[in-house]
Amino acid sequence: MSEKIYVFDTTLRDGEQVPGCQLNLDEKLMIAQELDKLGVDIIEAGFPISSPGDFKSVEGIARVVQNATVCGLTRSVKKDIEVAAEALKPARKPRIHTGIGASDIHILHKFNSNRDEILQRGVDAVKYAKSFVEDVEFYAEDAGRADLEFLARLTEAVIKAGATVVNLPDTTGYLLPHQMYDRVDYLMNNVPNVDKAILSMHCHNDLGMATANTIAGIRAGARQVEVTINGIGERAGNTSLEEVVMTLKVHKDLGLHTDINTEMLYPLSQLVSKTMRMPVQANKAIVGRNAFAHSSGIHQDGFLKHSQNYEIMTPQEVGINKSDIVLTARSGRHALKHRLSLLGFNVGKDKIDETYDQFLELADKIKEVNDKDLVVLMKQLTEAE
Ligand code: KIV
Ligand code: ZN
Numbered sequence: 000m001s002e003k004i005y006v007f008d009t010t011l012r013d014g015e016q017v018p019g020c021q022l023n024l025d026e027k028l029m030i031a032q033e034l035d036k037l038g039v040d041i042i043e044a045g046f047p048i049s050s051p052g053d054f055k056s057v058e059g060i061a062r063v064v065q066n067a068t069v070c071g072l073t074r075s076v077k078k079d080i081e082v083a084a085e086a087l088k089p090a091r092k093p094r095i096h097t098g099i100g101a102s103d104i105h106i107l108h109k110f111n112s113n114r115d116e117i118l119q120r121g122v123d124a125v126k127y128a129k130s131f132v133e134d135v136e137f138y139a140e141d142a143g144r145a146d147l148e149f150l151a152r153l154t155e156a157v158i159k160a161g162a163t164v165v166n167l168p169d170t171t172g173y174l175l176p177h178q179m180y181d182r183v184d185y186l187m188n189n190v191p192n193v194d195k196a197i198l199s200m201h202c203h204n205d206l207g208m209a210t211a212n213t214i215a216g217i218r219a220g221a222r223q224v225e226v227t228i229n230g231i232g233e234r235a236g237n238t239s240l241e242e243v244v245m246t247l248k249v250h251k252d253l254g255l256h257t258d259i260n261t262e263m264l265y266p267l268s269q270l271v272s273k274t275m276r277m278p279v280q281a282n283k284a285i286v287g288r289n290a291f292a293h294s295s296g297i298h299q300d301g302f303l304k305h306s307q308n309y310e311i312m313t314p315q316e317v318g319i320n321k322s323d324i325v326l327t328a329r330s331g332r333h334a335l336k337h338r339l340s341l342l343g344f345n346v347g348k349d350k351i352d353e354t355y356d357q358f359l360e361l362a363d364k365i366k367e368v369n370d371k372d373l374v375v376l377m378k379q380l381t382e383a384e
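Numbering-wise, numbering that gives the first Met the number 0 puts 20 at position 21 of the sequence shown, and it's gapless, one number per residue.
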């Protein structure tokens, strides 16, 4: 039996913190509604105390979202929690996400405090948030670098105080996948009341490990992933939603699944990229321009023989119409012949070498040969006969 992984989308909170990516209210409402249709379980709509605009966005999103839980971020500060509770009032399913720094670095250099005081502040925040909403998530900021025994003690205490989810952020993107696995495994085995809450993975991509660390964490027992569309977020970004979702879909052997409608992944990636004015890198996994493009002769030949030779998922599964064969000077005869036949030119065995030589000459000059170029080339070849 496959177990469900809850998808917590933070595109509109951690994602929107990226400089230059700020959205207006209408854009946020539109994206939130699309995320709801995509099938995410929780939408983190913003940080209500941070500005009147953010308060309004959280309130507006809480009003329009039909299915997902709507969540607002707070610090372990009473006023933050009160403001978040107010903004979340219209939500069908509200969640307050409160927390505090858990690593000694944060405890000392952000809070000028000590572990016991921090634990008490976390517990008090959860109890206070619980007086407004049933569903309270606690984040132990910088859990990736926190002392593990203290993290276990903190996790136990906030669950006892009523936290329904405990988020273990790798805030600085520091961990390696085996370390993340070991941390979560330790908590699963050393926190006596861990079965009363869900552990959550919230990874940053500073070393390019965000997706790998997230998968490692859920393999060890976490059941919620905190992700953003296109992996946007602070610095090198957050874990990308599409990467985690498709990893679980491709690796059914892990026995884990999400309820995401994967055919919406590409359209939503484009929408977020355009509204946030943040281009998607061409080689981005799942949704990049080249994710289903084949350009070398060997790959094109293998792909044309059977798509599974070079594709582990279909483009249609993620909402892309079809794979792309890019004709360049690295392409072979098979790909050229295939494309020419799609354009209505059936080049026989006697003509293919000459056609291919002319094609290579052109490809060396213009790098990528498109359909129009091919039609012109074929016309020139016919006229020269
Ligand atoms: O990265 C982080 O630690 C966060 C928390 C505020 C959840 O974004
Ligand atoms: Zn974060």
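Just so you know, even glycine gets a beta-carbon here, dropped at the ideal spot from N, CA and C.
- Within the chosen limit of 7 angstroms, the ligand ZN does not reach the beta carbon of P18 with any heavy atom.
- Non-local beta-carbon contacts of G331 in its own chain, meaning distances under 7 angstroms to residues more than five positions away in sequence, involve G296, Q299 and D300 in chain order.
- A straight line joining the alpha-carbon of T213 with that of L175 spans about 10 angstroms.
- Around V57, the same chain offers A44, G45, P47, G71, A86 and L87 as residues with beta carbons nearer than 7 angstroms, after the five sequence neighbours per side are excluded.
- Sequence-distant partners of T327 (beyond 5 residues in either direction) whose C-beta falls short of 8 angstroms from its own C-beta, in its chain, are S294, A362, K366, E367 and V368.
- Short of 8 angstroms from the beta carbon of Y355, and not among the five residues preceding or following it, lie these beta carbons of its own chain, in chain order: R332 and L335.
- In the three-state DSSP reduction, H333 falls in the helix class (H, G or I).
- Put simply, the backbone Cα of G347 is about 14 angstroms away from that of L380.
- Rounded to whole angstroms, the separation of the alpha carbons of E116 and D103 is 12 angstroms.
- Judged by DSSP secondary structure, N166 falls within the beta strand (DSSP E) whose first and last residues are V164 to D169.
- When secondary structure is reduced to three states using DSSP, G318 falls in the coil class, being assigned neither helix nor strand.
- DSSP, read as helix, strand or coil, puts R288 in coil.
- Take the alpha-carbon of S272 and the one of E353: they are about 43 angstroms apart.
- If only uninterrupted alpha helix (DSSP H) runs of at least 4 residues are considered, those enclosed by the region 214-277 are 240-249 and 264-274.
- F110 sits in coil when the DSSP states are folded into three classes, being neither helix nor strand.
- Close CB contacts of S75 within its chain, under the 8 angstroms cut and outside five residues either way in sequence, are with T97, G98, I99, R120, G121, D123 and A124 (chain order).
- Check the Cα spacing between G287 and each of S268, T274 and K304: the tightest is with S268.
- Looking at the backbone, the Cα of D8 and that of K36 are separated by about 13 angstroms.
- Between the beta-carbon of L186 and that of A151 there is about 6 angstroms, and that keeps the pair under the 8 angstroms contact cut.
- The straight-line gap separating the alpha-carbon atoms of L359 and R329 is approximately 9 angstroms.
- When the beta-carbon positions are compared, M263 and G318 come within less than 8 angstroms of each other.
- For I197, the uninterrupted beta strand (DSSP E) run begins and ends at I197 to C202, by DSSP.
- Distance from the Cα of V224 is smallest, within the candidate group A211, K109, A235 and E233, for A211.
- Note on H203: 16 or more other CB atoms within 10 angstroms of its CB, so buried under the neighbour-count rule.
- For Y5, the secondary structure class from DSSP, reduced to helix, strand or coil, is strand.
- Contact between V135 and T170 does not hold, since their C-beta atoms are separated by about 20 angstroms, which reaches or exceeds 8 angstroms.
- Spatial neighbours of E33 in its own chain (CB-CB distance under 7 angstroms, excluding positions within 5 residues in sequence) are listed in chain order as L267 and L270.
- For the pair E155 and N113, the CB atoms are not nearer than the 8 angstroms cut-off.
- DSSP places T97 in the strand class (E or B) of the three-state scheme.
- Placement of the Cβ of E15 at a distance of 7 angstroms or more from every heavy atom of the ligand ZN is found.
- G220 is positioned such that its CB atom lies closer than 8 angstroms to that of D184.
- Note on K27: 16 or more other CB atoms within 10 angstroms of its CB, so buried under the neighbour-count rule.
- Checking the 7 angstroms criterion, the Cβ of P168 is within range of a heavy atom belonging to the ligand KIV.
- In the structure shown, the three-state DSSP call for Y138 is strand.
- A residue is called buried once 16 or more other Cβ atoms fall within 10 Å of its Cβ, and K283 is buried on that count.
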